[in-house]
Amino acid sequence: MRFSVTAVTLGAILLTCVRQVTSAVNESSVRIYGVTADGFSVEFDPAVAIVGNYTIRYSTGGAVNNISWPDASVRITGVNPIQNDYLVSISDDGGVTFTRDFSTKIWNVGETSENSLAFSWDPWPDTVAFYSASIQENVLVNSTFDVVSPNATFNGLSPGVIYTVLVTFNDFGVTDTLLFEITQITRSSAPQASFVSQTSTELTVNWTTVAGADSYTTQLLAFPSRVVVSGIGGVGGTNANNVTLTNLIDGVPYILEVCSVNNAGLSCLDFIVSGVMPMAAILDITEVSSNTVQVSFTSAPASTMYNVIVTSESGTFLQNVTSVTASVLVTNLTPGTYYYFTVEVIYPAGTSEASSPILHMKADGACSSGLTITQDNSGMNGTITSPNYPGNYSNNLTCTWTIQAPTDKVIEVRFVDFELETCFPFLAYYDFLNVFDGEIQEYFMLCGDNVPPTFVSTFGQVRFQFETDWIGTARGFRIEWKFVDITNIDVEPTCGTQNCSLHASCVNGTCECDPGFTGNATSSCDDVNECLDTVSICGSNALCTNAIGSFRCICIAGTTLASGSCMPIFCPEELLWYQNTSNILVMFPQTKAGRSSESLNVCPPNTANAGVPYGNRACSLDGTWLAPKWLTSCERNAQSYINQTFNSTMERQEAANDLELFTLQAQNFTADNVTTTVQALENVINAETLDQNTSSSAVATVGNLLTVSRDELEQSGQATNLFQILDSVGERVEVNAGEEFQEVSSTLAVAVVQPDPTSAEQGIGYSFRSLPFADDVGFRSDQFNTFTRSPREDASSFIQLPRDALMRSQDNRASFYAFFDDTFFRASSTSYGNSSNEFIGSELIFSATVVNATKMINFEDPVVMRFAFTSNVSESNNFQKMCVFWNETGGGFWSSEGLVRQTITSNTAECQFNHLTNFATLFSTGSVDIPGLDLVSIIGSSVSIFCLVGLLITFAFVKKLRVGAKFRSAFLLINLSFALLFLNITLIISENIEKMSEGCKVIAVFIHFSLLASLSWMMVEGAVIYVTVVHGLYARANITNRQVVTSSMLWGWLMPAVVVSIVVGVDINNYSRNDAECWLRKDLVNFLSTIPAAIILAINLILYLATLTFLIRRRRPTGAKKSDVRKNVILSVTLFVTIGGSWLFGLAIPSTETYSKNASIVFAYIFTILNAFQGFFLFLLYVVRQYFTANLFIPFIKKVITSFPDTQSSKVLSTTQNDSAKGAI
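Numbering (the numbering used here), first residue to last: 115 to 1339.
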């Protein structure tokens, strides 16, 4: 249903045409003005000579009216030049006639803004050089000169003011001839439409109130003739600013004239209105042919035409088809594609609203008769039948039908008949009907001859996908479907006293989930993903595809189903003549599809290339041989290509091809062989551009060299040069816009892409999918592909560059590399290659570069990657996993610098970096994440911070603790507390700061300083305690407090500051980690942290044992009390905590981890608890344990306790605290 109201004309309508200018009574001496709805005025120039009286005749095509008068002006009334066309003739008694024709009008006067008016008029019938227009209110307001188009716009007008408009023209010699004049144009005096409402029987039109209007008149006119229409209710005079019209005919247009009445006359506005315009509903979509459907819909009275609109599933307009009948053929459709169909009804007054969209999938020829859509009194419904039903369907079919319900309905599906080939759901080679409930969720997979039960969809869409294999058919199926209201869905049948959920059945009065589902059968049964829950459920060479309630096994490319298993396809053994000699037959052995094989024949022992195969040949995935690559000669080895000059592309290709064949057995190469081959390859690719054949052989050669033993490759020193060769290929290989170059060997895959800028709006990427090979090792060509939007659904790993990275390239070219293992990186590193506790756990290593880019860091959007883990680590949680890139500086190492975000699961890692290079996932066995350890550290450090602050405040305000003989011990304790406080604060900050940021480096510097300071002050404490206890008399007599303060300050604060300053001065990146920790680099931890800590702790342990031995062996006075023993025990504990004895447990963690992981975890917990709470223990020993300091806190504690109700527990607590205070020493 649609209505239309349009403002058409504002003000009086008048235009004049001029003929016969031979008399004094001519166009320049006569003007017609004052045009209103009841007449117009004529005026002559009094200075013009006339003969007798004036005579004016005017007519509308009927009777002619005559007026004679002697004056220079006259007002003619009783006529309506606004509504009717007039022909006016003026003459004098001399018989000369001057004619003005009112049949040409000003056809649009509109308000373009609050203070503007726009005019348009029919053009002058003869050639016009230009027009001039002006508007005035007693004086000139605005004017427009020399316009060639018949229109003008005037600005700066005031609402409610009456203006006069004059238009003249220049007709090449006749200058400034008056064309017409309009008066009584009142700016904003006409009503404007503001609101329209409509029902099936009446239409209400509201308009804006006009200031100064006495009343309004309305009149309904026929469109476009403006003949008054009778029989319509609601028109006439009114004081209100609205009118309600009744009895309008549906779809018929009318003119509603609304005029405001005031002392200036009438000012009118026309609205185009109409009765309701009912829409049509699609009744049926019928398949006609492979590219045509017939769409039928309800007819609409008073319509002139129907318009069927076809859009894609995403909403993109594709085509529209018009028809004068309620049925139309839609052609040029693609089989297997979804389309939305809607229909509009075109009325004389406009177009109806579009019908509800119907989603339909265009079937192919064999499936075209399967779907019918009809509509009757019960609503939309239809049927789906298998092709040729009730006869047998055909083999090798793929048919899909989709039913889309309106938003307030779901779909009831009833299986009337069902008979498919008997099947085994876990194999892909039978006939199936898959039923999808919703756009993604699969409902079930059907086969066999059991008729499935009726079901109601949970979503508004159901999709049926019918697939048949190459052998065996059956009768097929017939399905009836209909739309049902969501509120009218039948309640599920009961099972005893229960209602079974979807995918559950009633078994002996109890709901049980169907096979392939798990859960609570009365609430929900969830699908079991057999592909994830069962290891290798399909066996080798087969991919598992989950289905709701089941799964399917599909043989990978290069294999075929045989005896219930996916067996490899082979290219047969074949003999070929060696291309360079007519007397050598070369044998290529039987080879698996997707792999390559070298010839069994090799160059003889007495040649330069002894043992090198004559050729290499690839077997395609369909089991057919590709053309072989032949060795040029057995007498030319790699050394001969180092200095050769290439005069043609063919020579360069042959050299690259030879190097590829030379390296087929590279696993036996020495370091010298590697160096010679790399030097020859560098010379071969030394060209401005490289053809793709040469580039393929170059990449294959690098891939072969990656099979060289790591020791020989490292000794050759050529690892970095190999990567530079790959970069050179990426820069020079011939690739046009929109094309790509790819080469895949067992150890290396390379892709060079130069996408069209419009196709890479979301960047470009390179993806890899893992395949379950039975016994093959290495890459295969069908595992890789490039993409511009998103990786393929089955991709296990991928890398995607942002658009910003490509925009920085002069060539819009990107190169991708994938390495099968980390051989190259171990061989090019001085640290990682010798590391035994770090290894790459991702299934491959990705690398990417943008050719000729200006800057490769700080992209607007990050480089996004996903890595799947290798099978030997994906199920283990005993590794620390980190997204890393290969940092070539400092001998080469894996680093996480520039890591923006990472998400690690048990099977995958998703990484985002702000730069480009080589990326992988690093696994570390030297550090195990222990549950809860971080939480214990944070809690302990927080408590220690609180207690250390309390200790420092106590010593600051209790003078008794730091004067006299207690000064020395108090001074040392306060400095140790400051160092520990600083350490705990920085540790907590490091847990919350952004990792791998500049702030993280700063925090790492302060952690290192505070750690060294804490250890140093512990050592000072140990030394002073030892001297004081063991050599007390000497210490009191020979060591002054000033000496203790000076020496301890130098050792405790200055020494750590000097060490940290030197480390920072050498390179601040010494505090940059590759595992997102704010700490020293891994290779520096032992030298700058662990070893110094071990030395200090060893010294402290010696001092502690010596002190403890002295206390035990010293002679006790006769009658010593048990309290003395207790004092010695407390003193021992105090010494142990003060000198950092608990830190010894940290040294035990790595040493015990090798023999017992559980023991290392126990030591880790002990170390963390004792050290995190060290500040707490110091507070207990030096504040709470002291009698006079404890008394400072006891009154406060008593006050808190007595504020609670008097309970037994509070009494016991109070008593315990008093006893503790009395017993303190």
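Built from N, CA and C at the ideal position, the CB exists for glycine as well.
Item, Value
"Residues that DSSP places opposite H474 in a beta bridge", "Y453"
"Where H1122 sits in the DSSP three-state scheme", "helix"
"Any 3 or more C-beta pairs closer than 8 Å across the region 899–910 and the region 845–852", "no"
"Distance, F1092 Cα to V1141 Cα", "23 Å"
"Inter-residue Cα distance where the pair is S904 and L745", "41 Å"
"Cutoff 8 Å; reference T984; Cβ partners in own chain excluding five residues on either side", "G955, S956, E957"
"Straight-line Cα distance separating F337 from I299", "The pLDDT assigned to I299 is 43, lower than 50, so where the model puts this residue is not dependable, and the model offers no usable value."
"Segments of 4+ residues assigned as alpha helix (DSSP H) that fall wholly inside the region 765–835", "785–798, 806–819, 824–830"
"Separation of A247 from D290, as counted between CA atoms", "Low confidence applies here, because D290 scores a pLDDT of 49, under 50, leaving its location unreliable and the question unanswered by this model."
"Alpha carbon of I1018 to alpha carbon of A982, nearest angstrom", "10 Å"
"Continuous alpha helix (DSSP H) stretch holding S1161: start and end", "1155–1163"
"T821 burial status per 10 Å Cβ neighbour count (16 or more: buried)", "buried"
"Spatial distance of G892 from L885 (CA atoms)", "11 Å"
"Nonlocal neighbours in the same chain, by C-beta distance under 8 Å from M764, ignoring five residues either side", "none"
"Neighbourhood of T636 by C-beta, 8 Å cutoff - its chain only, sequence neighbours within 5 removed", "Q612, N613, C614, S615, A618, C625"
"Rounded C-alpha distance that separates T777 from Q832", "15 Å"
"Where A851 sits in the DSSP three-state scheme", "coil"
"Which of helix, strand or coil DSSP assigns to C645", "helix"
"Residue nearest to F546 in terms of C-alpha spacing, selected from N510, A468, W739", "N510"
"Range of the contiguous beta strand (DSSP E) that encloses D551", "546–551"
"Assigned exposure category for R1227 - 16 Cβ within 10 Å defines buried", "exposed"
"Per-residue burial, N761 [other beta carbons within 10 Å of its own, 16 or more giving buried]", "exposed"
"Short Cβ contact (8 Å threshold) for C645 with G623", "no"
"Status (buried if at least 16 other CB within 10 Å, exposed otherwise) for T439", "exposed"
"Residue from S500, I525, C513, S466 whose Cα sits closest to the Cα of M494", "I525"
"Nearest-angstrom Cα separation, counted from T323 out to F569", "60 Å"
"F529 beta carbon less than 8 Å from that of V565", "yes"
"Under the three-state DSSP convention, the category E1135 falls into", "helix"
"Helix, strand or coil at S619 according to DSSP, with G and I counted as helix", "strand"
"D936 burial status per 10 Å Cβ neighbour count (16 or more: buried)", "buried"
"Closest residue to T1340 among V366, F960, P520 (Cα-Cα distance)", "No information on residue 1340 is available, as it lies outside the stretch 115 to 1339 that the chain covers here."
"For N421 and V457, believed in contact at Cβ under 8 Å, the rounded distance", "7 Å"
"When S508, G505, T536, V549 are compared against W515, the one with the closest alpha-carbon", "V549"
"M1169 (DSSP reduced to helix, strand or coil)", "helix"
"Terminal residues of the alpha helix (DSSP H) in which K1196 lies", "1196–1199"
"Nearest-angstrom Cα separation, counted from F665 out to T582", "17 Å"
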